[in-house]
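Novice: Let me give you the structure first, and then I'll get to my questions.
Residue numbers (full-length UniProt numbering): 1 to 98.
This is the structure in structure tokens:
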């Protein structure tokens with residue numbers, strides 16, 4: 001088995017296992033590696049997607065990964081929320097011009 005990535009219809013990068021002889025196009029049929037669903041966090045979907053993709057980018061796919069690399073989890077959270085921070089700053093900047 002080999003690990004491959006694909007992006008689902010919600011824009012989330014999925015990491016899955018497929019047979020060594022299977023083409024990458026079969027990734028949607030693969031066995032999920034991680035990260036798990038983040039739905040229980042109750043985040044807006046866009047933030048949940050950004051966080052999911054940041055976890056994948058940092059190869060934080062399993063419980064063992066996140067337990068061993070908590071600072072990387074924090075970094076993923078910071079990066080996922082950075083866009084929202086920029087939006088808040090923009091609101092202040094636009095408000096200062098009125």
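Don't be surprised by glycine CBs; every beta carbon is placed ideally from N, CA and C. Note that the structure is a prediction, hence the values are computed from the model and not measured.
Do the segment 39-58 and the segment 69-78 touch if we need at least three Cβ pairs shorter than 8 Å?
Specialist: Segments in contact, yes.
Novice: Whole angstroms are fine: how far does the CA of residue 57 sit from the CA of residue 85?
Specialist: The residue you call residue 85 lines up with position 85 of the chain shown. The residue you call residue 57 lines up with position 57 of the chain shown. Going from the Cα of residue 85 to the Cα of residue 57 covers about 20 Å.
Novice: Please report the straight-line C-alpha distance between residue 29 and residue 4, rounded to a whole angstrom.
Specialist: For the purposes of this step, residue 29 is identified with residue 29 of the chain shown, where counting begins at 1. For the purposes of this step, residue 4 is identified with residue 4 of the chain shown, where counting begins at 1. Computed Cα separation, rounded: 11 Å.
Novice: Could you check what DSSP says for residue 95 in three-state terms: helix, strand or coil?
Specialist: Position 95 of the chain shown, counted from the first residue, corresponds to residue 95. In the structure shown, residue 95 sits in a helix (DSSP, three-state: H, G or I).
Novice: Give every residue of the same chain whose Cβ lies closer than 8 Å to the Cβ of residue 27, excluding the five residues on either side of it in the sequence, and list them in chain order.
Specialist: Position 27 of the chain shown, counted from the start, is the residue given in the question as residue 27. Once the five neighbours on either side are set aside, the close Cβ partners of residue 27 are 4, 5, 6, 14, 16 and 18.
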